[in-house]
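Start counting at 1 in the sequence shown, then tack on 119, and there's your number in the working numbering.
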Amino acid sequence: ELHLAVGEVGETVMEVAGHFMKQGYRVAAVNAASAYQVGGGASTGGRHALEEAWCISSTLYQSLASVEPQKT
Numbered sequence: 120e121l122h123l124a125v126g127e128v129g130e131t132v133m134e135v136a137g138h139f140m141k142q143g144y145r146v147a148a149v150n151a152a153s154a155y156q157v158g159g160g161a162s163t164g165g166r167h168a169l170e171e172a173w174c175i176s177s178t179l180y181q182s183l184a185s186v187e188p189q190k191t
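Shown next, in the form of structure tokens:
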């Protein structure tokens, strides 16, 4: 069964996701991301948008960087 909650809670997406995970929920957080550079500008000190914030506040960057790119 799928449950969806949308609202303003005064916390970051990562904080809210963490709260739901601790309660036993399976959580997915969706964000627009760079199609050209893993983590956007997180590793180079580039602009600090949502993608970069997620990369520096979690293990997201390490997870993305460890994936083998697909050949097109």
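By construction, the Cβ of each residue, glycine as well, lies at the ideal position given by its N, Cα and C atoms.
As the structure is a prediction and not an experimental result, all values here were calculated from the model.
Q.
Closer than 8 angstroms is the cut-off here; do at least three beta carbon pairs connect the stretch 171-186 with the stretch 145-158?
A. yes
Q: With a 10 Å radius around its C-beta and 16 neighbouring C-beta atoms as the bar for buried, classify Leu179 as buried or exposed.
A: Here residue 179 refers to the residue found at position 60 when the sequence shown is read from its first residue. By the neighbour-count rule (16 or more Cβ atoms within 10 Å), Leu179 is buried.
Q) In chain order, which alpha helix (DSSP H) runs of at least 4 residues are fully inside the stretch 132-165? A) 132-141
**Q.** Limits of the alpha helix (DSSP H) - the one that Ala172 falls within
**A.** Position 53 of the sequence shown, counted from the start, is the residue given in the question as residue 172. Here the alpha helix (DSSP H) through Ala172 covers Leu169 to Ile175.
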